[in-house]
Ligand SMILES: *[C@@H]1O[C@H](CO)[C@@H](O)[C@H](O)[C@H]1NC(C)=O
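Rendered as structure tokens:
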């Protein structure tokens, strides 16, 4: 079988070259999901549909993973919502590695996030990291604080105890310089948690930095106790209303070091 050897040698060569991709691309489920609480796991990440506020609303939200290469994941969501009240969905990527540590034990949370959004008409939405803390490790029913770091605000607004006469939320701090950007800080309650929200002075479509710097600011300068445990680390988009909006995350990664 001389032809067999001739074919096999080139194939072996190709296999050797392809056997060491850097970073490694992982086989993942890239199919589209639209169910209210559908999840898709890939490596240390979970895509959550989390359509928690759709009661009384008209529309849909579907999402899919695109790729996972090393610790960098890509995903997208397409949504349309009208009616109802407030936020309809928080389609997000949740990090499952490194959580349930006390804030005082976290050294860094290096993260990068490149995204884009397109749609017809004016969407009401945000793009944000969403963290929850609790007084106990793994405590989900007794989350004490929610910390949001917004990268973009599309005609929406943060939770706040104080509003001005025009109905705009009033920050408790302005022009904070953290992780290479300027932020206003808002404080309020969602009825279950105290909520700190950092809003950028201009939209950030490509973030790269240490998210732990926001937690360190809150534990040293505000009322967040460093004894709290980080129980949830998510990043995604809160959709309130809009038509045929596509939100695309081209590259996202987050690594908690403690
Ligand atoms: C972010 O982009 C939206 C949509 O273009 C715009 O309405 C909003 O004012 C921007 N926010 C900031 C802080 O620049």
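Numbering (mature numbering (1 follows the signal peptide of the UniProt record, and there is no 0)), first residue to last: -19 to -1, 1 to 239. Don't be surprised by glycine CBs; every beta carbon is placed ideally from N, CA and C.
Is residue i near ligand 1 - that is, is its Cβ less than 7 Å away from at least one heavy atom of it?
i: residue 183; result: yes
i: residue 133; result: yes
i: residue 136; result: yes
Taking the DSSP output, what are the residues bridged to residue i?
i: residue 30; result: None, per the DSSP bridge assignment.
i: residue 111; result: 129, 215
i: residue 20; result: 29
i: residue 229; result: 57, 97
Using a Cβ-Cβ cutoff of less than 6 Å, which residues in the same chain neighbour residue i once the five nearest sequence positions on both sides are dropped?
i: residue 128; result: 112, 177
i: residue -11; result: Confidence at residue -11 is low in this model, with a pLDDT of 44, below 50, so the placement of that residue is unreliable and no value is reported for it.
Under DSSP, the beta strand (DSSP E) around residue i begins and ends at which residues?
i: residue 175; result: 175 to 181
i: residue 157; result: 154 to 159
i: residue 197; result: Where residue 197 is concerned, there is no enclosing beta strand (DSSP E), although the alpha helix (DSSP H) it sits in stretches over 193 to 202.
i: residue 15; result: Element bounds for residue 15: n/a, residue is neither H nor E.
i: residue 163; result: 162 to 170
i: residue 40; result: 38 to 50
i: residue 64; result: 53 to 64
i: residue 74; result: 70 to 76
Spatial neighbours of residue i within its chain, please: C-beta separation below 8 Å, excluding the five flanking residues on both sides.
i: residue 37; result: 64, 65, 66
i: residue 198; result: 157, 159
i: residue 225; result: 59, 61, 100, 101
Spatial neighbours of residue i within its chain, please: C-beta separation below 7 Å, excluding the five flanking residues on both sides.
i: residue -13; result: In this prediction, residue -13 has a pLDDT of 44, which is less than 50 and means its spatial position is unreliable; what the coordinates show is noted afterwards. Around residue -13: no qualifying Cβ.
i: residue -17; result: Summary for residue -17: the model assigns pLDDT 44, below 50, so the residue's position carries little reliability; its value from the coordinates is reported in the next sentence. Nothing meets the Cβ criterion.
i: residue 31; result: 18, 70, 71, 72, 73
Contact the stretch 98 to 112 vs the stretch 128 to 141: 3+ CB pairs below 8 Å | yes
Meets three-Cβ-pair contact criterion under 8 Å: the stretch 139 to 149 and the stretch 220 to 238 | no
At least 3 beta-carbon pairs within less than 8 Å: the stretch 181 to 190 vs the stretch 37 to 52 | no
Contact between the stretch 70 to 81 and the stretch 206 to 221: three or more CB pairs below 8 Å?
-> yes
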